[in-house]
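For reference, the structure is listed below as structure tokens.
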Amino acid sequence: GQNIDQPTEMTATEGAIVQINCTYQTSGFNGLFWYQQHAGEAPTFLSYNVLDGLEEKGRFSSFLSRSKGYSYLLLKELQMKDSASYLCAVREAGRRALTFGSGTRLQVQP
Amino acid sequence: EPEVTQTPSHQVTQMGQEVILRCVPISNHLYFYWYRQILGQKVEFLVSFYNNEISEKSEIFDDQFSVERPDGSNFTLKIRSTKLEDSAMYFCASSPGQGTYEQYFGPGTRLTVT
Numbered sequence: 048g049q050n051i052d053q054p055t056e057m058t059a060t061e062g063a064i065v066q067i068n069c070t071y072q073t074s075g076f077n078g079l080f081w082y083q084q085h086a087g088e089a090p091t092f093l094s095y096n097v098l099d100g101l102e103e104k105g106r107f108s109s110f111l112s113r114s115k116g117y118s119y120l121l122l123k124e125l126q127m128k129d130s131a132s133y134l135c136a137v138r139e140a141g142r143r144a145l146t147f148g149s150g151t152r153l154q155v156q157p
Numbered sequence: 002e003p004e005v006t007q008t009p010s011h012q013v014t015q016m017g018q019e020v021i022l023r024c025v026p027i028s029n030h031l032y033f034y035w036y037r038q039i040l041g042q043k044v045e046f047l048v049s050f051y052n053n054e055i056s057e058k059s060e061i062f063d064d065q066f067s068v069e070r071p072d073g074s075n076f077t078l079k080i081r082s083t084k085l086e087d088s089a090m091y092f093c094a095s096s097p098g099q100g101t102y103e104q105y106f107g108p109g110t111r112l113t114v115t
């Protein structure tokens with residue numbers, strides 16, 4: 048089975064940087080995904096990490112440490128529209144199904 | 002940019018009725034998925050479909066559920082004899098193919114069982 052943990056809620060200020068952590072335990076890891084989900088909408092793909100290290104894509108970066116079962120999503124220059132839930136999801140070896148965490152609801156304040 | 006589309010956006014049905022949720026995956030994608038999200042809960046995997054057959058399914062995907070690709074573009078989820086606890090948002094997703102694993106989600110169908 049899999050266990051994925053993320054903080055339930057975070058608050059940050061417009062223009063600031065926020066880091067959302069995710070820890071996971073799985074029997075056979077083969078990739079970690081971050082999705083953004085605005086209330087009532089579909090998850091939108093942000094990033095995919097399968098090797099250790101940092102992947103940067105514009106204002107968003109994602110980091111993975113396989114040995115520690117740990118990832119984070121870094122959001123820079125926060126904007127009000129970044130207020131959303133951020134979902135960490137793991138893919139197990141040999142499977143395509145994603146197992147999602149409960150998500151972190153980020154509130155960006157002026 | 003190509004998108005996954007789903008119809009209807011909202012479906013209300015009575016307990017015990019059958020519903021069919023429809024999806025059009027991104028045209029050159031090879032893998033198709035259904036997920037559901039009960040209000041306030043996490044996104045849960047139901048089933049994946051590749052090469053005209055189910056490739057994986059979760060314990061949620063029991064005999065009440067079935068999937069079909071009736072033609073070259075549509076991908077459907079049928080729920081027979083709906084129960085109150087089937088009320089959820091149902092998301093269809095697709096991914097390109099070998100070596101690429103990111104999944105692109107459709108806007109969802111909100112199913113309400115009364």
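These protein sequence lines are chains W and U, in that order. My numbering applies: residue 48 is where the first sequence begins, and numbers increase by one. My numbering applies: residue 2 is where the second sequence begins, and numbers increase by one. All C-beta atoms in this analysis are idealised placements derived from N, C-alpha and C, irrespective of residue type, glycine included.
Collapsed DSSP secondary structure at residue i in the structure displayed
i               : result
lysine 58/U     : strand
methionine 57/W : strand
aspartate 52/W  : strand
glutamate 86/U  : helix
valine 128/W    : Note on residue identity: the sequence assigns lysine, not valine, to residue 128/W. Lysine 128/W falls in the helix class under three-state DSSP.
alanine 40/W    : As shown, chain W starts at 48 and ends at 157. That puts residue 40/W outside it, with no answer to give.
threonine 73/W  : coil
isoleucine 80/U : strand
arginine 37/U   : strand
valine 5/U      : coil
glycine 98/U    : strand
glutamine 83/W  : strand
threonine 115/U : coil
glycine 125/U   : Beyond the ends of chain U as shown, which are 2 and 115, falls residue 125/U; an answer cannot be given.
arginine 143/W  : coil
asparagine 68/W : strand
leucine 31/U    : coil
serine 74/U     : coil
glycine 148/W   : coil
Burial state of residue i, where buried means 16 or more other Cβ atoms lie within 10 Å
i               : result
asparagine 96/W : buried
cysteine 129/W  : The sequence shown places aspartate at residue 129/W, rather than the cysteine named in the question. The residue in question, aspartate 129/W, is buried, as its Cβ has 16 or more Cβ neighbours within 10 Å.
isoleucine 21/U : exposed
alanine 94/U    : buried
valine 68/U     : buried
glycine 115/U   : The sequence as given places threonine at residue 115/U; glycine does not occur at that position. So threonine 115/U ends up on the exposed side.
proline 3/U     : exposed
glycine 1/U     : The structure shown has nothing for residue 1/U, since chain U only spans 2 to 115.
arginine 37/U   : buried
proline 71/U    : exposed
isoleucine 67/W : buried
threonine 83/U  : buried
For residue i, the first and last residue of its enclosing beta strand (DSSP E)
i               : result
valine 13/U     : 11-14
isoleucine 21/U : 20-25
arginine 152/W  : 151-156
lysine 104/W    : 100-104
glutamate 103/U : Here glutamate 103/U belongs to no beta strand (DSSP E), and DSSP marks it neither H nor E.
arginine 113/W  : Run containing arginine 113/W: none; DSSP gives neither H nor E here.
serine 94/W     : 91-96
leucine 47/U    : 44-51
glutamate 69/U  : 66-69
Are the segment 130-145 of chain W and the segment 84-93 of chain W touching, with three or more C-beta to C-beta distances below 8 Å?
A contact is defined here as three or more CB-CB pairs under 8 Å, and the segment 130-145 of chain W meets this definition with respect to the segment 84-93 of chain W.
For the segment 19-47 of chain U, which residues have a beta carbon sitting closer than 7 Å to at least one beta carbon of chain W?
Those residues of the segment 19-47 of chain U placed with their C-beta closer than 7 Å to a C-beta in chain W are Tyr32, Lys43, Val44 and Phe46, ordered along the chain.
Cβ contact (3+ pairs, closer than 8 Å) linking the segment 15-33 of chain U and the segment 96-108 of chain U
Contact between the segment 15-33 of chain U and the segment 96-108 of chain U is present, because at least three Cβ pairs lie under 8 Å.
Count the C-beta pairs between the segment 142-150 of chain W and the segment 84-91 of chain U that are closer than 8 Å, then say yes if the count reaches three, no if not.
Between the segment 142-150 of chain W and the segment 84-91 of chain U there are fewer than three inter-stretch CB-CB distances shorter than 8 Å, so the stretches are not counted as touching.
Report yes or no: do the segment 7-14 of chain U and the segment 147-155 of chain W share at least 3 C-beta pairs separated by less than 8 Å?
Short answer: they don't touch.
Could you please tell me which residues of the segment 88-113 of chain W, in chain order, have their CB closer than 9 Å to any CB of chain U?
So the close ones are Glu88, Ala89, Pro90, Thr91, Phe92, Ser94, Tyr95 and Val97.
Residues from the segment 137-151 of chain W in contact with chain U, defined by Cβ distance under 8 Å:
So the close ones are Arg138, Arg142, Arg143, Ala144, Leu145, Thr146, Phe147, Gly148, Ser149 and Gly150.
Using 8 Å as the Cβ pair cut-off and three pairs as the minimum, do the segment 73-87 of chain U and the segment 52-66 of chain W touch?
Output reads no: the segment 52-66 of chain W does not touch the segment 73-87 of chain U.
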